[in-house]
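Worksheet: the structure to be examined is printed underneath.
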Amino acid sequence: MQNNAALEYDYTIAKMFVFSTILFGIVGMVIGTLIAAQLAFPELNYLLGEYGTFSRLRPLHTNGVIFGFTLSGIWATWYYVGQRVLKVSMAESPFLMAIGKLHFWLYMLVMVLAVVTLLMGITASKEYAQLEWPLDLLVVVVWVLWGLSIFGLIGIRREKTLYISMWYYIATFLGIAMLYLFNNMAIPTQLVTGYGSWLHSVSMYAGTNDALVQWWYGHNAVAFGFTVPIIAMIYYFLPKESGQAVYSYKLSLLSFWGLMFVYLWAGGHHLIYSTVPDWMQSMGSVFSVVLILPSWGSAINMLLTMKGEWNQLTENPLIKFMVLASTFYMLSTLEGPIQSIKSVNAIAHFTDWIPGHVHDGVLGWVVFMIMAAIFHMAPRLFNKELYSKSLVEKQFWLQTTGIVLYFSSMWIAGITQGMMWRAVDEYGNLAYSFIDTVTVLHPYYTIRAVGGLLYLIGFFMFAYNIYKTFASGKEVDGSTLQNKTPMSA
Amino acid sequence: MFHWLEERPFFFAVGVFVVIAFAGLIEILPNFAQASRPIEGLKPYSVLEIAGKEVYKKDNCIACHSQLIRPFKSETDRYGMYSLSGEYAYDRPFLWGSKRTGPDLHRVGNYRTTDWHENHMWEPTSVVPNSIMPAYKHMFSNIADIETAYAEALTVKNVFNVPYDQDINGDGNVDVALGSWEDARAQALKEAEAIAADMKNQDVKDAVARGEIPEIVAIIAYMNRLK
């Protein structure tokens, strides 16, 4: 595309989403650290009266980091990567520009309403799908706007072949659209009867069916929120930052189509030993194990992209972030299938091993990758050199320590709890009362809260670094930057 | 074939959609009619119990409590009979939870009483030393939304044929009456009075006497029903 060498990309929308990524990252992680500390020190439940209990705050943490931080990160990178891999500038289409701005502001509105309603306890109560029906409708509009942006940009593209990242962004869009619509089907009670609160609705599905739809959604929201779009990012940013070509096209094909087909079956592993039919539980278990293949396919493809260039790992902290992200992705996608094996699940389910698993995935893989992407994008967005390399290095080690404390304490806590629940004395009676299995966890809850705090401090260092880059970094011409991100010592 | 797809975004998107929708079609749809059948004699929730379920949702009890007893001896010893699919037929949404920071509650009505819950929600450590559960004192002053609970009951009755105002067990009497809003409110208040009579908090008793039902009364009605 030599004739387009002078193409000026327009990053207005990308910058807006970088801002919201950092904002919601801080909000979500501050609440996360607080509720982690509440489990170790229950007095912390009373800081905000009715609104400050663990139970009321947990949905704010999950929604804040999933739909606030992660979605913002996905969109920040989309409005950056999309233009570049399709070889077309947002500035060429005032229509797409308007869609992008509307997308951002409507999304911010939804997020504000989400925070307010969740704090008030207005909730549909299904995990990661708590928002009530009027907000669900707004979410759908936001999602359609993103779809318009994707397919609009594709419509005016110059590069005919869709790059691997584009496959994953498209899949994210389609997957979440399907899952969200089906899982949130509900009937507003006020519209049907004329009585009571207009915000209230009742689920279209009952009992076991509701559970089935919910975990088909819940599990795959992880797939299409925490896996698919993050792979989109790493397929763009790792080759770009390292200057290395993706190791294998065939491996990326296998991983993509394999992931698409296999992931959706695995939701049943959340319902093992529940009242859903046995064959579904077994399918969930088996497909979870099969899922190792496409997951490791992507991760190995990324690691092998660095073949012969491992020296970059010591020189460039962004490579460090991305390589560790791939590694945590491998750990997490091995751990998940292990927990899905029925006999392991019998111990692991309902325990702290599950949040432990989630967090080595999200802290190590999702957040590391999104931060690396923002570090890479910042000099190109703001035409400034990255403020401090040594701060990036320090942040990396602080947060890695935080993650290790988090997941190792939760592994021990979860297995301890699972074993104590089933322990019997010599006469076959239960050996422990429930409260025994709670008090024993205190040291692990404390370690977890410390791990979370270290990670949070690292995130503040990240936010500060980006802010200083923007405010006082050394000027560079972002449009001429090639691979390695410029950063001052 | 893949190169061909990668140059044609429309067909690419259709391909992805077919591949991801496949599992849902096979796993979810066929089971729907079967799994939603209630066990014999299952009664729908009364309006007061629905209001209590809403308090349970509002304060997000599922963050720490499950309502799903797995078929293991260690669980049936601790919580009672393992859970059956048909017991959840009127649960919209399902409230199984995914984490047991606290114990399972699916049959809590079998072994806890109104006064135990009153003490526990006011100050958990007063009945469970070392408990890390927060106190929910605001439930004693917040008033439950009975009208919305009635709206929910009427909705599931009309839309999903949940058997309100019907004789379910064949004894010739209506098992769970719903009736008009006025009937339902009077009935909810009657049930609330029975619960308040077993409680000691004077503010709660006064509120019920005034015709208002505090959240604590509703959630106790709901938890007593979980058997």
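Here the protein sequences come in this chain order: A and B. For the first sequence, our numbering assigns the number 84 to the initial residue and increments by one for each residue that follows. For the second sequence, our numbering assigns the number 29 to the initial residue and increments by one for each residue that follows. Idealized CB from N, CA, C, for every residue including glycine.
Exercise. Would you say arginine 37 of chain A reaches chain B, if we count a Cβ-Cβ gap shorter than 8 Å as a contact?
Worked result: Because chain A in this structure spans residues 84 to 572, residue 37 of chain A falls outside the shown range and cannot be described.
Exercise. So is proline 242 of chain B in contact with chain A if we call contact Cβ pairs under 8 Å?
Worked result: False, the Cβ-Cβ gap to chain A never drops below 8 Å.
Problem set entry | Where the segment 144-171 of chain B meets chain A: residues whose CB sits under 7 Å from a CB there | Taking 7 Å as the Cβ-Cβ cut-off against chain A, the residues of the segment 144-171 of chain B that qualify are Val156, Asn158, Ser159, Ile160, Pro162 and His166.
Exercise. To the nearest angstrom, how far is it from the Cα of proline 177 of chain A to the Cα of methionine 191 of chain A?
Worked result: Rounded to the nearest whole angstrom, the C-alpha separation of proline 177 of chain A and methionine 191 of chain A is 21 Å.
Problem set entry | Cβ neighbour criterion (16 or more within 10 Å) applied to glutamine 215 of chain B | Classification of glutamine 215 of chain B: buried, given that the 10 Å Cβ count is 16 or more.
For this session: With 7 Å as the C-beta to C-beta threshold (strictly closer), list the residues of the segment 61-93 of chain B near chain A in chain order.
Result: Taking 7 Å as the Cβ-Cβ cut-off against chain A, the residues of the segment 61-93 of chain B that qualify are Ala63, Ser64, Lys85, Lys86, Asp87, Asn88, Cys89, Ile90, Ala91 and Cys92.
For this session: Report yes or no: is there a C-beta of chain B within less than 8 Å of the C-beta of aspartate 93 of chain A?
Result: Using beta-carbon distances, aspartate 93 of chain A does not count as an interface residue toward chain B, since no partner is under 8 Å.
Exercise. If you measure from the beta carbon of threonine 183 of chain B to each beta carbon in chain A, is any gap under 8 Å?
Worked result: Closer than 8 Å to some Cβ of chain A, the Cβ of threonine 183 of chain B qualifies, so yes.
Problem set entry | Runs of alpha helix (DSSP H) wholly within the segment 165-217 of chain A (minimum 4 residues, chain order) | Listed in chain order, they are 177-203.
Problem set entry | Beta-carbon neighbours of alanine 289 of chain A, restricted to chain B and to distances below 8 Å | By Cβ distance, chain B contributes Ser64, Tyr116, Ala117, Tyr118, Asp119, Arg120, Phe122 and Phe188.
Problem set entry | Meets three-Cβ-pair contact criterion under 8 Å: the segment 178-190 of chain A and the segment 109-120 of chain A | Proximity of the segment 178-190 of chain A to the segment 109-120 of chain A falls short of the contact definition, fewer than three beta-carbon pairs being nearer than 8 Å.
Problem set entry | glutamine 395 of chain A to leucine 564 of chain A span [Cα, whole Å] | Their backbone Cα atoms lie some 18 Å apart in a straight line.
For this session: Determine the direct distance from the alpha carbon of tryptophan 299 of chain A to that of glutamine 194 of chain B, and round the result to whole angstroms.
Result: Distance from the CA atom of glutamine 194 of chain B to the CA atom of tryptophan 299 of chain A, rounded to whole angstroms, is 35 Å.
For this session: Report yes or no: is there a C-beta of chain A within less than 8 Å of the C-beta of tyrosine 250 of chain B?
Result: So no, tyrosine 250 of chain B is outside the interface.
Exercise. Taking the C-alpha atoms as reference points, what is the distance between alanine 506 of chain A and threonine 499 of chain A?
Worked result: If you draw a straight line from the Cα of alanine 506 of chain A to the Cα of threonine 499 of chain A, it comes to about 10 Å.
Problem set entry | Residue of A:Val285, A:Leu469 and A:Leu228 minimising C-alpha distance to proline 217 of chain A | That would be A:Val285, whose Cα lies nearest to the Cα of proline 217 of chain A.
Exercise. Quick one: Cα of leucine 336 of chain A to Cα of histidine 302 of chain A, how far?
Worked result: For leucine 336 of chain A and histidine 302 of chain A, the distance between alpha carbons rounds to 23 Å.
For this session: Taking only heavy atoms of the ligand SAH into account, decide whether any of them is closer than 7 Å to the Cβ of methionine 363 of chain A.
Result: Ligands displayed in this structure: none; no statement on the ligand SAH is therefore possible.
Exercise. How long is the line joining the alpha carbons of histidine 148 of chain B and serine 154 of chain B, rounded to whole angstroms?
Worked result: Between histidine 148 of chain B and serine 154 of chain B, the C-alpha separation is close to 7 Å.
Exercise. From tryptophan 35 of chain A to isoleucine 424 of chain A, what distance separates their C-alpha atoms?
Worked result: As shown, chain A starts at 84 and ends at 572. That puts residue 35 of chain A outside it, with no answer to give.
Exercise. Looking at C-beta atoms only, is the number of pairs between the segment 90-99 of chain B and the segment 44-55 of chain B that lie closer than 8 Å three or more?
Worked result: No, they do not touch.
Exercise. How would you list, in chain order, the residues of chain B whose beta-carbon sits under 9 Å from the beta-carbon of methionine 502 of chain A?
Worked result: Under the 9 Å cutoff, chain B gives no residues; its nearest Cβ is about 10 Å from methionine 502 of chain A.
Exercise. Per DSSP, what kind of secondary structure is isoleucine 239 of chain A in: helix, strand or coil?
Worked result: Of the three classes helix, strand and coil, the one that applies to isoleucine 239 of chain A here is coil, per DSSP.
For this session: Could you name the residues of the same chain whose beta carbon sits closer than 7 Å to that of asparagine 146 of chain A, not counting the 5 residues immediately before and after it, in chain order?
Result: Result list for asparagine 146 of chain A: Ala197, Leu201 and Gln213, in chain order.
Problem set entry | Cβ distance (whole Å) where lysine 69 of chain A is taken to contact glutamate 242 of chain A below 8 Å | The structure shown does not extend to residue 69 of chain A, since chain A is modelled only from 84 to 572, so the question has no answer here.
For this session: Give, in chain order, every residue of the segment 38-54 of chain B whose Cβ lies closer than 9 Å to some Cβ of chain A.
Result: Going along the segment 38-54 of chain B in chain order, one finds Phe38, Phe40, Ala41, Gly43, Val44, Phe45, Val47, Ile48, Ala49, Phe50, Ala51, Gly52 and Ile54 with a Cβ nearer than 9 Å to chain A.
For this session: Closer than 9 Å by beta-carbon distance: list the chain B residues that pair up with arginine 505 of chain A, in chain order.
Result: Here the neighbours are Phe100, Lys101, Ser102 and Glu103.
For this session: Pick helix, strand or coil for glutamate 180 of chain B, following the three-state DSSP scheme.
Result: Here glutamate 180 of chain B sits in helix by DSSP.
Problem set entry | Option nearest leucine 469 of chain A by Cα separation, candidates A:Met570, A:Ile355 and A:Val449 | Proximity to leucine 469 of chain A across A:Met570, A:Ile355 and A:Val449 peaks at A:Met570, based on C-alpha coordinates.
For this session: Classify histidine 134 of chain B as buried or exposed, calling it buried when 16 or more other Cβ atoms lie within 10 Å of its own Cβ.
Result: Buried, since its Cβ has 16 or more Cβ neighbours within 10 Å.
Exercise. Among A:Val487, A:Phe100 and A:Glu509, which has the Cα closest to the Cα of valine 533 of chain A?
Worked result: When A:Val487, A:Phe100 and A:Glu509 are compared, the shortest CA-CA separation from valine 533 of chain A is found for A:Val487.
Problem set entry | valine 285 of chain A: first and last residue of the uninterrupted beta strand (DSSP E) it sits in | Its beta strand (DSSP E) spans residues 284-286.
Exercise. Do three or more CB pairs link the segment 250-261 of chain A to the segment 32-44 of chain B at distances below 8 Å?
Worked result: With the cut-off at 8 Å, the segment 250-261 of chain A and the segment 32-44 of chain B touch.
Exercise. Under a CB-based cut-off of 8 Å, is proline 526 of chain A close to chain B?
Worked result: Residue-level contact by beta carbon fails for proline 526 of chain A and chain B, as no gap is shorter than 8 Å.
Problem set entry | Residue-level contact to chain A via CB, leucine 112 of chain B, 8 Å cutoff | With respect to chain A, the C-beta atom of leucine 112 of chain B has a partner C-beta closer than 8 Å.
Problem set entry | Cβ-Cβ separation, phenylalanine 320 of chain A to methionine 385 of chain A (assumed contact under 8 Å), whole Å | With a contact defined as Cβ atoms closer than 8 Å, methionine 385 of chain A and phenylalanine 320 of chain A miss out at about 10 Å.
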